[in-house]
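Take a look at the structure below.
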Ligand SMILES: Cc1cc2nc3c(=O)[nH]c(=O)nc-3n(C[C@H](O)[C@H](O)[C@H](O)COP(=O)(O)O)c2cc1C
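See the structure below:
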């Protein structure tokens, strides 16, 4: 392993392109302390990720959905159960209706493609019944969790593929604001739940994006056992976020204050505190 420095330019979408030399460290936000001897495009794509919320009007190339789903299906999956599905939505009116269920998120309308990722136990129930049992194992909370994990891993593989193609995307957790309305719109069977959506399109080059700072490794990486989270380290994150927000012409709010607000009380969950009851109504047994 050796140190290296990114020597590139930014492309039209503000994404880093280029290479590293072997003297300095600039990759990652916060920067990676030690870089591998050989940099590669996969690392570049992963570390250059940023959500895109503004898109060009252009349609996506033929085959894009199938390519993204192939990447998604290549993700690891618990016991090879593949407890997820995805619905590709292109119809403008359906996208608009889905956007209206998310409390904002106008980028759903603007994106040419909206992928809705499902934790899906319905197909597994069918397989179990075809094989002569009732799939009792699906009745437990563990199975719902498997579906949610599988959907997230699959979607994130698609996001990496999207980033590698120079396309842009943004997850939409707002799909969980009104899950029953979403289920009706998408005609979901019992035991299928829209975990999140994902807008996909060509990023609008006139809207600059940048790599958003993350917490310092000292508060997320522990060795052998859980350790102390020091408030000075959190303050350094707020400083990094302030600089980022100023650069993006956003209000310079401390990020930890925003995080704290998002988890302050039940009201902050915007109705999602009712999720257990809603999931049961959607057919999940959650024992
Ligand atoms: C599960 C999930 C749900 C999200 N929901 C939304 C959303 O509803 N609307 C939105 O604009 N961004 C949403 N995001 C995007 C996050 O805000 C974004 O990933 C985060 O701020 C980090 O920024 P970056 O992706 O540019 O690095 C979501 C991300 C994830 C992983």
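Numbering (full-length UniProt numbering), first residue to last: 1 to 287. Think of the CB as a built atom: it goes at the ideal place given N, C-alpha and C, for glycine as much as any other residue.
Taking buried to mean at least 16 other C-beta atoms within 10 Å of its own C-beta, is residue i buried or exposed?
i           : result
residue 262 : exposed
residue 131 : exposed
residue 290 : This structure gives no information on residue 290, because the portion of the chain shown stretches from 1 to 287.
residue 203 : buried
residue 22  : Caution is warranted here: a pLDDT of 46 is assigned to residue 22, below 50, making its placement in the model unreliable, and the coordinate value is therefore given only provisionally. So residue 22 counts as exposed.
residue 274 : exposed
residue 158 : buried
residue 95  : buried
residue 179 : buried
residue 63  : exposed
residue 225 : exposed
residue 1   : Because the pLDDT of residue 1 is 36, which lies under 50, any placement of that residue in the model is unreliable, and the number read from its coordinates should be weighed accordingly. Flag for residue 1 reads exposed.
residue 127 : exposed
residue 268 : exposed
residue 150 : buried
residue 296 : Because the chain in this structure spans residues 1 to 287, residue 296 falls outside the shown range and cannot be described.
residue 105 : buried
residue 108 : buried
residue 246 : exposed
residue 129 : exposed
residue 229 : exposed
residue 169 : buried
residue 44  : buried
residue 250 : exposed
residue 154 : buried
Using 7 Å as the cut-off, classify the Cβ of residue i as near or not near the heavy atoms of ligand 1, replying yes or no.
i           : result
residue 54  : no
residue 249 : no
residue 102 : yes
Grab the span of the beta strand (DSSP E) containing residue i for me, first residue to last.
i           : result
residue 288 : No answer is possible for residue 288: the residues shown for the chain start at 1 and end at 287.
residue 119 : 113 to 120
residue 87  : 84 to 89
The alpha helix (DSSP H) that contains residue i, what's its start and end?
i           : result
residue 237 : 231 to 247
residue 172 : It is not in any alpha helix (DSSP H) - residue 172 instead sits in the beta strand (DSSP E) that spans 168 to 172.
residue 44  : 41 to 47
residue 217 : 217 to 220
residue 99  : 92 to 100
residue 146 : 141 to 164
residue 261 : 255 to 262
residue 281 : 275 to 281
residue 107 : 107 to 110
residue 181 : 179 to 185
residue 71  : 64 to 73
Answer yes or no: the CB of residue i versus the heavy atoms of ligand 3, is any distance below 7 Å?
i           : result
residue 191 : This structure lacks ligand 3; the ligands present are ligand 1.
What does the shell around ligand 1 hold, if a residue joins when its beta-carbon is under 6 Å from any heavy atom?
49, 50, 51, 53, 105, 170, 171, 172, 173, 174, 196, 212
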